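Colleague: Residue numbers (the working numbering): 178 to 462. Shown below is the structure under consideration.
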Ligand SMILES: N[C@@H](CCC(=O)N[C@@H](CS)C(=O)NCC(=O)O)C(=O)O
């Protein structure tokens with residue numbers, strides 16, 4: 178497993194993160210420490226990725242974090258693992274300082290390590306002090322509860338219900354899109370032929386985005402603050418770039434807005450450093 182601090186928000190968090198990086202449990206896989214050694218850059222990205230409400234919380238929030246338990250997020254490939262990207266973005270959007278524990282996707286011991294940490298065998302998995310939480314939506318709900326000022330979950334109950342509903346659709350649906358257009362951040366397939374089943378999923382996602390952007394005014398799905406819904410659909414934005422999916426101006430602007438977020442750029446830079454030889458992962462993952 179490869180460890181790197183992601184967005185330490187306090188001296189304490191930073192030194193704990195640095196310590197854990199000093200003792201990797203395994204030799205780092207070639208090129209897999211995406212953006213390591215960029216502690217302050219990661220912090221800056223996390224801060225700029227934090228929603229206005231979190232920024233407004235200012236010193237109070239920083240003070241609370243100073244005594245906060247250390248957080249570790251377990252993920253796998255930045256190029257292929259859409260669920261890792263979602264969980265990672267959710268932590269960033271919540272303003273949670275965390276250490277990234279990267280399980281190399283091509284390492285045969287990965288599943289054994291996962292079994293020890295995540296009862297579902299799956300990533301992302303968050304350990305926050307004594308709290309263990311796996312499954313992307315559960316991580317979002319947990320962080321929404323402990324960091325409500327982040328705006329990760331909208332404050333208004335009806336809007337929050339809407340946000341959870343479209344996030345849930347992504348969590349449990351769009352199987353055709355996921356199978357036919359697997360996330361591959363580095364890949365580019367100009368003129369990719371989308372089959373009818375996947376196109377139906379794309380059409381439904383476009384309808385969801387347009388409804389949200391029209392109702393809440395953008396630039397995010399629920400208005401001015403990033404929410405869990407933006408994290409859930411971020412890998413879809415990446416797929417639309419990879420597979421050259423045609424969008425109308427409104428949805429193209431939303432896709433570009435998400436792809437240009439500092440946190441997304443950091444993730445994409447990390448994906449670029451991963452080795453290319455994971456052809457067997459060029460399927461749903
Ligand atoms: N429903 C889960 C899905 C997580 C998932 O499918 N994770 C994949 C990575 S993208 C995984 O851990 N695969 C590990 C494996 O297959 O060994 C969630 O929301 O977190």
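Note that the Cβ used here is the ideal one computed from N, Cα and C, for glycine as well. All figures in this text were calculated on a predicted structure; none of them were measured in a lab.
#1: Could you have a look at residue 365 and say whether DSSP puts it in helix, strand or coil?
#2: Starting from residue 311 and walking both ways along the beta strand (DSSP E), at which residues does that stretch end?
#3: Does ligand 1 have a heavy atom nearer than 8 Å to the CB of residue 444?
#4: Curious, which full-length alpha helix (DSSP H) runs of at least 4 residues does the segment 374-426 contain?
#5: What number of angstroms, rounded off, separates the C-alpha of residue 258 from the C-alpha of residue 335?
#6: Identify the residues that DSSP records as bridge partners of residue 251: which are they?
#7: Helix or strand or just coil, what does DSSP make of residue 181?
#8: Just checking my contact of residue 301 with residue 404 at CB under 8 Å: how many whole Å lie between their CB atoms?
#9: Secondary structure at residue 370, three-state DSSP: helix, strand or coil?
#10: Using the C-alpha atoms, what's the distance from residue 266 back to residue 442?
#11: Please determine whether the Cβ atom of residue 348 lies at a distance below 8 Å from any heavy atom of ligand 1.
#12: When you compare the segment 345-354 with the segment 372-387, are there three or more beta-carbon pairs, one atom per stretch, that lie closer than 8 Å?
#13: Taking 8 Å as the threshold, find out whether the segment 247-256 comes into contact with the segment 275-282 through three or more Cβ pairs.
#14: Quick one: residues in its chain with C-beta nearer than 6 Å to the C-beta of residue 476, no 5 flanking neighbours on either side, listed in chain order?
#15: Kindly indicate the opening and closing residues of the alpha helix (DSSP H) around residue 345.
#16: How many whole angstroms separate the CB atoms of residue 159 and residue 407, which I take to be in contact at a CB cut-off of 8 Å?
#17: Alpha carbon to alpha carbon, what distance is there between residue 451 and residue 323?
#18: Where residue 381 and residue 274 are concerned, what is the direct C-alpha to C-alpha distance, given to the nearest angstrom?
#19: Any heavy atom of ligand 1 inside 8 Å of the beta-carbon of residue 257?
#20: Kindly indicate which three-state DSSP category residue 353 falls into: helix, strand or coil?
#21: Going by beta carbon distance, what residues of the same chain come within less than 6 Å of residue 344, once the five residues before and after it are set aside?
#22: First and last residue of the alpha helix (DSSP H) that includes residue 447?
#23: Classify residue 436 as helix, strand or coil using the three-state DSSP reduction.
#24: DSSP three-state label for residue 331, please.
#25: Could you spell out where the alpha helix (DSSP H) holding residue 271 opens and where it closes?
#26: Rounded to whole angstroms, how far is the Cβ of residue 513 from the Cβ of residue 339, which I believe are closer than 8 Å?
Modeller: This is what the structure holds:
#1: The answer is coil: DSSP assigns residue 365 none of H, G, I, E or B.
#2: Unbroken beta strand (DSSP E) run through residue 311: 308-311.
#3: Checking the Cβ of residue 444 against ligand 1 gives no.
#4: Listed in chain order, the complete alpha helix (DSSP H) runs (minimum 4 residues) inside the segment 374-426 are 405-419.
#5: Between residue 258 and residue 335, the C-alpha separation is close to 31 Å.
#6: Note: residue 251 sits in a beta bridge opposite 278, 302.
#7: Strand at residue 181.
#8: About 17 Å separates the beta carbon of residue 301 from that of residue 404, a gap too long to meet the 8 Å contact definition.
#9: Here residue 370 sits in coil by DSSP.
#10: Cα to Cα, the separation comes out at about 11 Å.
#11: Within the cutoff, so yes.
#12: With contact defined as three or more Cβ pairs closer than 8 Å, the segment 345-354 and the segment 372-387 are in contact.
#13: With a cut-off of 8 Å, the segment 275-282 and the segment 247-256 count as touching, because enough Cβ pairs lie within range.
#14: Limits of the chain in this structure are 178 at one end and 462 at the other, which puts residue 476 out of reach.
#15: Note, residue 345: alpha helix (DSSP H), 334-349.
#16: The first residue shown for the chain is 178 and the last is 462, placing residue 159 beyond what the model contains.
#17: Approximately 33 Å between the Cα atoms of the pair.
#18: For residue 381 and residue 274, the distance between alpha carbons rounds to 34 Å.
#19: True, at least one ligand heavy atom lies under 8 Å from that Cβ.
#20: Assigned with DSSP and collapsed to three states, residue 353 falls in helix.
#21: Same-chain partners within the cutoff: 405, 406, 409.
#22: Run containing residue 447: 439-449, per the alpha helix (DSSP H) assignment.
#23: Correct three-state label for residue 436: helix.
#24: In the three-state reduction of the DSSP assignment, residue 331 falls in the coil class.
#25: Looking at the DSSP string, the run of the alpha helix (DSSP H) that includes residue 271 is 259-271.
#26: Missing from the structure shown is residue 513; the chain here goes from 178 to 462 and no further.
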